[in-house]
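Taking our numbering, the leading residue of the sequence shown gets 9, the next gets one more, and so forth.
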Amino acid sequence: MPIDPREPYDANNIFAKILRGELPCSKVYEDEHALAFNDIRPQAPIHVLVIPKGAYVSWDDFTAKASDAEIAGFMRSVGAVTRQLELDGPGYRLMINMGGHGHQEVPHLHVHIFGGRQFFQMIAD
């Protein structure tokens, strides 16, 4: 069910619990700014989620409230994950869902990294 990104951060969301070590994940990468792990419902041969370590509901929340260092560090982390997965050669797709129309389901910013196959359509109806 899509979330309202204008709501306050919910510290009990599934990604917050993963960050606190209360729930397991299949970790791919971690640094001071981000944690990356395999999606439990992959939509491609490679489907990794990258989440910031800060409490941000959405892309809009993150870009409005995060420090410049957090934003730059997070973006560099996403790039580091794609290179670690060796997707920089064949290519990949990044996606951020935002709010109801974007069908954001978890109230914690997350970037989807899709790889391992050719992608064609930008948006499927």
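Virtual Cβ for every residue (Gly too), placed ideally from N, Cα, C. Here the structure is a predicted model, which is why all the values come from computation and not from measurement.
Item                                                                                                          : Value
Decide if F23 is buried, meaning its Cβ has at least 16 other Cβ atoms within 10 Å, or exposed.               : buried
Between the C-alpha atoms of L31 and F128, what's the straight-line distance to the nearest angstrom?         : 34 Å
Per DSSP, what kind of secondary structure is R49 in: helix, strand or coil?                                  : coil
For R125, write down the residues that DSSP places opposite it in a beta bridge.                              : According to DSSP, which records beta bridges pairwise, R125 is partnered with nothing at all.
What whole-angstrom Cβ distance do G110 and D12 have, given they're in contact under 8 Å?                     : The pair is not a contact, with the Cβ atoms about 12 Å apart (cut-off 8 Å).
At a cut of 8 Å, does the region 74-93 reach the region 41-54 through at least three beta carbon pairs?       : yes
Could you check which residue in H116, P115, L27, L102 has the C-alpha nearest to that of F122?               : L102
Bridge partners for R101 per DSSP, in chain order?                                                            : F122
Compare the beta carbon distance of I104 and V86 with 7 Å and say whether it is the shorter of the two.       : no
For G97, does the count of other Cβ atoms within 10 angstroms reach 16, so buried, or fall short, so exposed? : exposed
Would A42 be called buried (16 or more neighbouring beta carbons within 10 Å of its own) or exposed?          : buried
Find out if the Cβ-Cβ distance for the pair M112, P50 is shorter than 7 Å.                                    : In the sequence on display, residue 112 carries Gln and not Met. Not a contact, by the Cβ cut-off of 7 Å.
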